[in-house]
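For reference, the structure discussed in these notes is given below.
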Amino acid sequence: MCKAVNVVHLRGYWEDLPVESPNKRKFSPPDEPDVRQWLGVLAVAAGIWIATTGSVGMGLLIALGGLLWGAWMAAQVHQYREALAEYEMSKICLANRHVFTL
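Going by the working numbering, the sequence shown opens with residue 418, and the numbers climb by one from there.
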């Protein structure tokens, strides 16, 4: 089974793998989300501008869309940070390639 000498941090194991290893992708850290917060801010600003200069309903709808976009982006960042924290705490048993978190 897995003894203490066979257990290493998953990040260190992954970094030591050669590029051509089939395990390089399998044990890689989580991918960063494609976050574009500026789109949400731009939509909120455009919605406020449209609401004050013309169509209030359309402006508020655009501003609401920007707020929802920002909330969705924030949720993606939060999920990524949680997954990365779990990855950083993970260990791997070199005897059977079992990944676990303490």
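Don't be surprised by glycine CBs; every beta carbon is placed ideally from N, CA and C.
DSSP places Lys443 inside the alpha helix (DSSP H), whose first and last residues are Asn440 to Lys443.
Separation of the CB atoms of Gln454 and Gly487 is rounded to 6 Å, and the pair is thereby assigned contact status at 8 Å. Going by C-alpha positions, Ile479 is about 19 Å away from Val452. Under the criterion of beta carbons closer than 8 Å, Asn423 and Ala512 qualify as touching, at roughly 5 Å.
Val422 sits in a helix when the DSSP states are folded into three classes.
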